Amino acid sequence: MRTRDRDGLGLNDIKTANACDRWARSGREEWDPRAFPPGVGSADPNDRGRCHSPVHSKSMTLGSIAVVLGSYLLGSVDFAVLIARAKGLDIYSKGSGNPGASNVYRSIGKKAGMTVLGLDLLKGLLAALVGAAVGGPTLGAAAGLTAVAGHCYPVFHHFRGGKGAATLSGVMFALYPVATAVLLVVFIVLIVTTHIAAIGSIVVTLAAVPGAWLTGGRGWALVWVGAAVALVLYRHRGNFARLLRGIERKVVEE
Numbered sequence: 032m033r034t035r036d037r038d039g040l041g042l043n044d045i046k047t048a049n050a051c052d053r054w055a056r057s058g059r060e061e062w063d064p065r066a067f068p069p070g071v072g073s074a075d076p077n078d079r080g081r082c083h084s085p086v087h088s089k090s091m092t093l094g095s096i097a098v099v100l101g102s103y104l105l106g107s108v109d110f111a112v113l114i115a116r117a118k119g120l121d122i123y124s125k126g127s128g129n130p131g132a133s134n135v136y137r138s139i140g141k142k143a144g145m146t147v148l149g150l151d152l153l154k155g156l157l158a159a160l161v162g163a164a165v166g167g168p169t170l171g172a173a174a175g176l177t178a179v180a181g182h183c184y185p186v187f188h189h190f191r192g193g194k195g196a197a198t199l200s201g202v203m204f205a206l207y208p209v210a211t212a213v214l215l216v217v218f219i220v221l222i223v224t225t226h227i228a229a230i231g232s233i234v235v236t237l238a239a240v241p242g243a244w245l246t247g248g249r250g251w252a253l254v255w256v257g258a259a260v261a262l263v264l265y266r267h268r269g270n271f272a273r274l275l276r277g278i279e280r281k282v283v284e285e
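Going by my numbering, the first residue of the sequence shown is number 32, and it counts up by one from there.
Put into structure tokens, the structure is as follows:
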């Protein structure tokens with residue numbers, strides 16, 4: 032007779048759920064029967080279906096929903112608006128009117144602009160790290176996507192947000208650090224040579240999906256990163272138009 036806990040779950044059920052958690056957090060796509068204790072799993076690839084028991088699926092689903100919603104709320108905290116407000120300014124009425132690091136840099140100063148940049152990066156980084164810890168790289172990328180969406184359409188600021196490039200960079204750094212390090216160098220070179228933040232942001236954003244793929248990004252994780260890239264590029268549509276007309280603002284106006 033199997034021993035059962037107070038909720039009526041057998042010990043093998045509990046071991047299976049724990050093994051499934053470890054498999055999900057590992058980010059491994061291939062089935063590894065060694066993840067299961069003796070008598071619980073087998074070498075049959077179909078046994079991965081054991082990771083979809085009602086108890087495990089419910090707990091993982093609720094956890095995933097909490098992470099995704101929490102990431103959106105985190106992304107909705109617009110530090111450009113808050114820092115400008117702390118200085119008695121309305122960032123929406125300054126410079127380009129965009130609540131982002133570049134506009135803060137131009138309108139308020141270097142220190143404030145770099146602070147906003149760092150905090151926006153941190154939002155994406157934290158969202159992706161927490162998501163990956165809970166459900167592997169796929170949930171990490173999904174959480175990153177909602178953090179970017181929150182930054183672009185923040186519920187706390189009447190859905191008037193920034194463009195999401197910095198937050199997406201934080202997501203990429205959490206999930207694909209090697210690719211992000213290379214893209215960071217490219218971004219710096221473009222900023223130094225052109226003095227136009229939009230050029231660096233657009234080029235690096237376009238390279239995000241290929242960079243993720245080249246460093247191991249696969250499956251739904253890559254799809255969610257691609258969706259975040261599409262959103263960031265959409266938010267830069269005005270920059271595309273100004274670049275074509277040759278009137279895009281520089282980081283430091285001459």
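Just so you know, even glycine gets a beta-carbon here, dropped at the ideal spot from N, CA and C.
Note that this is a predicted model, so its numbers are computed, not measured.
Using the C-alpha atoms, what's the distance from residue j back to residue i?
{"i": "G175", "j": "G201", "result": "8 Å"}
{"i": "V99", "j": "A159", "result": "10 Å"}
{"i": "A132", "j": "T146", "result": "8 Å"}
{"i": "T92", "j": "I114", "result": "36 Å"}
{"i": "N134", "j": "T211", "result": "23 Å"}
{"i": "S107", "j": "G277", "result": "32 Å"}
{"i": "H226", "j": "V282", "result": "6 Å"}
{"i": "L264", "j": "T236", "result": "7 Å"}
{"i": "V161", "j": "A261", "result": "23 Å"}
{"i": "G149", "j": "N270", "result": "22 Å"}
{"i": "E279", "j": "W244", "result": "31 Å"}
{"i": "F190", "j": "Y184", "result": "4 Å"}
{"i": "V217", "j": "V256", "result": "19 Å"}
{"i": "D109", "j": "G119", "result": "16 Å"}
{"i": "K125", "j": "L253", "result": "36 Å"}
{"i": "L215", "j": "G167", "result": "24 Å"}
Taking CB distances under 8 Å as the criterion, tell me whether residue i reaches chain C.
{"i": "F271", "result": "In summary, chain C is missing from the structure at hand, where a single protein chain is found."}
The alpha helix (DSSP H) spanning residue i covers which residue range?
{"i": "P241", "result": "A239 to L245"}
{"i": "H226", "result": "From DSSP, H226 is part of no alpha helix (DSSP H); its letter is neither H nor E."}
{"i": "K194", "result": "Premise fails: K194 is in no alpha helix (DSSP H) and is neither H nor E."}
{"i": "P168", "result": "K141 to C183"}
{"i": "Y136", "result": "A132 to S138"}
Secondary structure at residue i, three-state DSSP: helix, strand or coil?
{"i": "H267", "result": "coil"}
{"i": "I96", "result": "helix"}
{"i": "S107", "result": "coil"}
{"i": "R116", "result": "helix"}
{"i": "I219", "result": "helix"}
{"i": "M124", "result": "Sequence check: residue 124 is Ser here, not Met. Of the three classes helix, strand and coil, the one that applies to S124 here is helix, per DSSP."}
{"i": "I233", "result": "helix"}
{"i": "R273", "result": "helix"}
{"i": "V282", "result": "coil"}
{"i": "G201", "result": "helix"}
{"i": "G248", "result": "coil"}
{"i": "V71", "result": "With a pLDDT of only 45 at V71, under 50, the local geometry of the prediction cannot be trusted, and no value is derived from it."}
I'd like to check one pair, residue j with residue i: are the Cβ atoms closer than 8 Å?
{"i": "H267", "j": "I230", "result": "no"}
{"i": "L199", "j": "A172", "result": "no"}
{"i": "A259", "j": "G193", "result": "no"}
{"i": "A163", "j": "L206", "result": "yes"}
{"i": "A31", "j": "K154", "result": "With the chain running from 32 to 285 in the structure shown, residue 31 is simply not present."}
{"i": "G144", "j": "Y136", "result": "yes"}
{"i": "G242", "j": "V223", "result": "no"}
{"i": "F187", "j": "L156", "result": "no"}
{"i": "T246", "j": "V220", "result": "no"}
So residue i and residue j are supposed to be a Cβ contact under 8 Å. How far apart are they, rounded?
{"i": "S95", "j": "V165", "result": "7 Å"}
{"i": "D151", "j": "A197", "result": "4 Å"}
{"i": "G195", "j": "L105", "result": "That belief does not hold up - the Cβ atoms of G195 and L105 are roughly 13 Å apart, past 8 Å."}
{"i": "T169", "j": "G250", "result": "7 Å"}
{"i": "I122", "j": "P130", "result": "5 Å"}
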